[in-house]
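In what follows, a single structure is set out as structure tokens and then discussed.
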Amino acid sequence: MSDSIAGLATSIMADKASALRVSFQTAALRQQGDSERAIAGLIQESAETQRAALPAGQGKVVDILA
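Here our numbering is used: the first residue of the sequence shown is 58, the next is one more, and so on.
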């Protein structure tokens with residue numbers, strides 16, 4: 058009986074450890090996504106700032122094949 062209780066306790070602890078690991082991984086992925094969105098926003102803002110600093114008519118998309 059004692060062995061089965063110890064086995065059950067070990068199994069429960071392993072399940073809890075696994076759930077905690079998944080929770081940490083999820084939090085890390087969420088934080089990484091937030092960071093990547095912030096970087097994308099900074100890049101977009103920088104591009105808009107550079108475009109605004111160009112003389113009139115500069116910085117527009119041009120079709121070089123036309």
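Glycine included, C-beta positions come from ideal geometry on N, C-alpha and C.
Host alpha helix (DSSP H) of residue i (start-end)
{"i": "V79", "result": "S59 to A110"}
Contacts around residue i, its chain only, beta-carbon distance under 8 Å, and the 5 residues preceding and following it disregarded
{"i": "F81", "result": "none"}
CB contact check: residue i to chain D, cutoff 8 Å
{"i": "A109", "result": "Among the chains in the structure shown there is no chain D, since it carries only a single protein chain."}
Same chain, Cβ closer than 6 Å to residue i, five either side skipped, listed in chain order
{"i": "A76", "result": "none"}
Close beta carbons around residue i, own chain, < 7 Å, minus the five adjacent residues each side
{"i": "I96", "result": "none"}
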